[in-house]
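Trainee: Residue numbers (the numbering used here): -14 to 378. Backbone N, C-alpha and C define an ideal beta-carbon position, used for all residues, glycine too. The structure follows.
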Amino acid sequence: MNNFEYYAPTRVLFGRNTEAETGRLIKEQNCRKVLVHYGSGSVVRSGLLDRICKSLDAEGIPYIPLGGVVPNPRLSKVREGISLGLKEGVDFILAVGGGSVIDSAKAIGYGMADEGDVWDFYARKRTACACLPIGAVLTIAAAGSEMSNSSVITNEDGWIKRGYSSNYSRCRFAILNPQLTCTLPDYQTQSGCVDIMMHTLERYLNHGTNLKMTDGISEALLRTVIKSAKTLRDEPENYEARAEVMWASSLSHNGLTGCGTDGGDFASHQLEHELSGMFDVTHGAGLAAIWGSWARYVYKERPDRFAGLAAKVLMVPEKGSDQETALAGIEAMEDFFRSIGMPVSLRELGIESTDRQILELADNCSFGNTRTIGIVKKLGREDMAEIYRMARG
Ligand code: NZQ
Ligand code: ZN
-14 MNNFEYYAPT RVLFGRNTEA ETGRLIKEQN CRKVLVHYGS GSVVRSGLLD RICKSLDAEG
46 IPYIPLGGVV PNPRLSKVRE GISLGLKEGV DFILAVGGGS VIDSAKAIGY GMADEGDVWD
106 FYARKRTACA CLPIGAVLTI AAAGSEMSNS SVITNEDGWI KRGYSSNYSR CRFAILNPQL
166 TCTLPDYQTQ SGCVDIMMHT LERYLNHGTN LKMTDGISEA LLRTVIKSAK TLRDEPENYE
226 ARAEVMWASS LSHNGLTGCG TDGGDFASHQ LEHELSGMFD VTHGAGLAAI WGSWARYVYK
286 ERPDRFAGLA AKVLMVPEKG SDQETALAGI EAMEDFFRSI GMPVSLRELG IESTDRQILE
346 LADNCSFGNT RTIGIVKKLG REDMAEIYRM ARG
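Have a look at this one:
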């Protein structure tokens, strides 16, 4: 097991009706004014925004609303939030929504705490020294942003999607009421399940050894999400399955399943971010579409880890060799994706990619051939292009 630091400072309030506590939790932050940030309307339609506002009113907390965040959140909305927040004297941001809203809130928080251009952080030109405090009321179990140190923003100038990570942006609190996720369309529920699994899989498939505790937590998480995703296909209002998935969302990306590993591969994520940047697809579905091709490209580097995934998570009977078991596991994972309505190729994702687009994706992902991605196998620009080609379907 490698040395590690585990830092998960977010206070979690989990369960039915917990959003009623929002005002009380914000009151404890001693802030002057809150920016209430939300998406394209689901929280208005469900009545959640209204309940949150009542909870703030009850505590006498001033606030200003800012909606309109879209999936794959845009830099222009971040800039709007920074201007509005500065003008209104905001000193706390409440994100009511999913990963896109929380990520937009984090970026606004960085931008308000710094005089320069917020995109600099995402373009890796500077590192952040501060962020406004943020709280989250989560409405979709997926990205794990409610407990992660990351945010991912799309710059419309070139449609480039980039992530930035720092502990300054960790949410002060996260309110997790699984009931709030019952209004999700099935496609979003299942994309979320894939994303949750990927956050653990990116860490599970590594070059580490002696990881019994971390492996055990990861395998239990993966099995639980698989089972719950299947349940939710038939019973979208099943509270217990919603609850398992929501807790898994937070645990899968708060660092827990990476403790003692070599840091996580995250190549599938990097490859996918280029897809959702260029084609505006749903992140989890994009991961499902690319993962099998990535796995087939790299599994020979660590057939034992892939075979472990096959046997302990996907319940694939062991074959003659680790390589055979590993391949059967990759097929079983894709069968599972299909069973929950997720794509396993770019074509199924709705992308008919040209040769030029494949090269552009690989060029963007390799930052113009200046970086490699991945740990299981280091991938350069040509490897990336080959994986995109394999994923075409
Ligand atoms: O905008 P509204 O109207 O709210 O609709 C949203 C959106 O269309 C809808 N939705 C959310 N909760 C709902 C609901 N509809 C009905 N009922 C509800 N309760 O679902 C759609 C997707 O929402 P979004 O916030 O985009 O989903 P998700 O949480 O999957 O976030 C995706 C973003 O997070 C990034 C992704 O790249 C993507 O941009 N990620 C962020 C990470 C992080 N910060 O740590 C890590 C991840 O790997 C990921 O990259
Ligand atoms: Zn993800």
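Roughly how many whole angstroms lie between the Cα atoms of C167 and V230?
Mentor: Start at 1 with the first residue of the sequence shown, and residue 167 comes out as number 182. Start at 1 with the first residue of the sequence shown, and residue 230 comes out as number 245. The alpha-carbon atoms of C167 and V230 are separated by roughly 12 Å.
Trainee: G0 and N140 - do their beta-carbons sit closer together than 8 Å?
Mentor: Along the sequence shown, one-based indexing puts residue 140 at 155. Along the sequence shown, one-based indexing puts residue 0 at 15. For N140 and G0, no; Cβs fall outside 8 Å.
Trainee: Check whether the stretch 12 to 27 and the stretch 70 to 83 touch, using three or more Cβ-Cβ pairs below 8 Å as the test.
Mentor: A contact exists between the stretch 12 to 27 and the stretch 70 to 83.
Trainee: Just the C-alpha distance for Y107 and T267, rounded to the nearest angstrom, thanks.
Mentor: Taking the sequence shown and counting its residues from 1, the one referred to as residue 107 is at position 122. Taking the sequence shown and counting its residues from 1, the one referred to as residue 267 is at position 282. Those two C-alpha atoms are separated by around 20 Å.
Trainee: Taking the C-alpha atoms as reference points, what is the distance between A270 and Y153?
Mentor: By 1-based counting over the sequence shown, the position of residue 270 is 285. By 1-based counting over the sequence shown, the position of residue 153 is 168. Approximately 29 Å between the Cα atoms of the pair.
Trainee: Just how far apart, CA to CA, sit N354 and V137?
Mentor: Walking along the sequence shown from the start, residue 354 turns up at place 369. Walking along the sequence shown from the start, residue 137 turns up at place 152. Using only the alpha carbons, I get a separation of about 21 Å.
Trainee: For the stretch 137 to 170, which segments carrying the beta strand (DSSP E) assignment without a break, of at least 3 residues, lie completely within its bounds, in sequence order?
Mentor: Correct list: 145 to 150, 158 to 161.
Trainee: So P221 packs on A274, CB below 8 Å; how close in whole Å?
Mentor: Reading the sequence shown from its first residue, position 236 is the one you call residue 221. Reading the sequence shown from its first residue, position 289 is the one you call residue 274. That belief does not hold up - the Cβ atoms of P221 and A274 are roughly 23 Å apart, past 8 Å.
Trainee: Leaving out five residues before and five after G249 in sequence, what residues of the same chain have Cβ atoms less than 8 Å from its Cβ?
Mentor: Along the sequence shown, read from residue 1 onward, the residue named residue 249 stands at position 264. The answer, listed in chain order, is E187, R188, N191, G243, I360.
Trainee: Taking one C-beta from the stretch 201 to 213 and one from the stretch 286 to 301 each time, how about it: are there three or more such pairs within less than 8 Å?
Mentor: With the cut-off at 8 Å, the stretch 201 to 213 and the stretch 286 to 301 touch.
Trainee: Can you say whether N2 is buried or exposed, counting buried as having 16 or more other CB atoms within 10 angstroms of its CB?
Mentor: On the sequence shown, position 17 is the one that residue 2 refers to. Exposed, because fewer than 16 other Cβ atoms sit within 10 Å of the Cβ of N2.
Trainee: So, does the stretch 281 to 292 touch the stretch 303 to 310, judging by three or more C-beta pairs under 8 Å?
Mentor: Touching, yes.
Trainee: Alpha carbon to alpha carbon, what distance is there between V86 and T282?
Mentor: If you number the sequence shown from 1, residue 282 lands on position 297. If you number the sequence shown from 1, residue 86 lands on position 101. One detail in the question is off: residue 282 reads as Tyr in this sequence, not Thr. Going from the Cα of Y282 to the Cα of V86 covers about 34 Å.
Trainee: Can you tell me which of the three DSSP states H22 falls into?
Mentor: Against the sequence shown, residue 22 aligns to sequence position 37. H22: strand per DSSP, three-state reduction.
Trainee: To the nearest angstrom, how far is it from the Cα of R30 to the Cα of P50?
Mentor: The residue you call residue 30 lines up with position 45 of the sequence shown. The residue you call residue 50 lines up with position 65 of the sequence shown. Those two C-alpha atoms are separated by around 15 Å.
Trainee: Rounded C-beta distance between I125 and L60? I'm assuming under 8 Å.
Mentor: By 1-based counting over the sequence shown, the position of residue 125 is 140. By 1-based counting over the sequence shown, the position of residue 60 is 75. So it is not a contact: roughly 22 Å between Cβ atoms.
Trainee: Run the CB neighbour count on S324, radius 10 Å, all protein chains shown included, and call it buried at 16 or more, exposed below.
Mentor: One-based indexing of the sequence shown puts residue 324 at position 339. It counts as exposed.
Trainee: Evaluate N195 with the Cβ neighbour count: other Cβ atoms within 10 Å of its Cβ, from every protein chain shown; 16 or more gives buried, anything less gives exposed.
Mentor: The residue you call residue 195 lines up with position 210 of the sequence shown. Classification of N195: exposed, given that the 10 Å Cβ count is below 16.
Trainee: Can you find the residues in the same chain that come closer than 7 Å, C-beta to C-beta, to W279, ignoring five residues on each side of it along the sequence?
Mentor: Residue numbering aside, residue 279 sits at position 294 when the sequence shown is read from its first letter. Closer than 7 Å at Cβ, skipping near neighbours: A252, S253, L256, I372.
Trainee: Would you tell me roughly how many angstroms separate the C-alpha atoms of L334 and M263, rounded to the nearest one?
Mentor: Residue 334 sits at position 349 when you count from the first residue of the sequence shown. Residue 263 sits at position 278 when you count from the first residue of the sequence shown. The straight-line gap from Cα to Cα measures roughly 13 Å.
Trainee: Mind checking whether the beta-carbon of A127 lies closer than 7 Å to any heavy atom of the ligand NZQ?
Mentor: Indexing the sequence shown from 1 puts residue 127 at position 142. Flag set: Cβ of A127 near the ligand NZQ.
Trainee: For the ligand NZQ, I want to know if P47 counts as a neighbour, meaning its beta carbon is within less than 7 Å of at least one of the ligand's heavy atoms.
Mentor: Here residue 47 refers to the residue found at position 62 of the sequence shown. Because no heavy atom of the ligand NZQ lies under 7 Å away, the Cβ of P47 does not count as near it: no.
Trainee: Quick check: I119 and K91, are their CB atoms within less than 8 Å of each other?
Mentor: Within the sequence shown, numbered from 1, the residue matching residue 119 stands at position 134. Within the sequence shown, numbered from 1, the residue matching residue 91 stands at position 106. Their beta carbons are under 8 Å apart, which means I119 touches K91 by this criterion.
Trainee: Determine whether the beta carbon atoms of K62 and G74 lie at a separation below 8 Å.
Mentor: For the purposes of this step, residue 62 is taken as the residue at position 77 of the sequence shown. For the purposes of this step, residue 74 is taken as the residue at position 89 of the sequence shown. Against a cut-off of 8 Å, the Cβ pair of G74 and K62 comes out as no contact.
Trainee: Please report the Cβ distance between L294 and G326, rounded to the nearest whole angstrom; I am assuming they are in contact, meaning their Cβ atoms lie under 8 Å.
Mentor: Locating residue 294 in the sequence shown gives position 309, where the first residue counts as 1. Locating residue 326 in the sequence shown gives position 341, where the first residue counts as 1. So it is not a contact: roughly 22 Å between Cβ atoms.
Trainee: Tell whether a beta-carbon distance below 8 Å holds between F77 and L34.
Mentor: Counted from its first residue, the sequence shown places residue 77 at position 92. Counted from its first residue, the sequence shown places residue 34 at position 49. It is not a contact, given that the beta carbons lie outside the stated cut-off.
Trainee: Which residues mark the beginning and the end of the beta strand (DSSP E) in which G82 is found?
Mentor: Indexing the sequence shown from 1 puts residue 82 at position 97. G82 -> beta strand (DSSP E) spans 77 to 82.
Trainee: With H, G and I counted as helix, E and B as strand and the rest as coil, what does DSSP make of V86?
Mentor: On the sequence shown, position 101 is the one that residue 86 refers to. Residue state, collapsed to three classes: helix.
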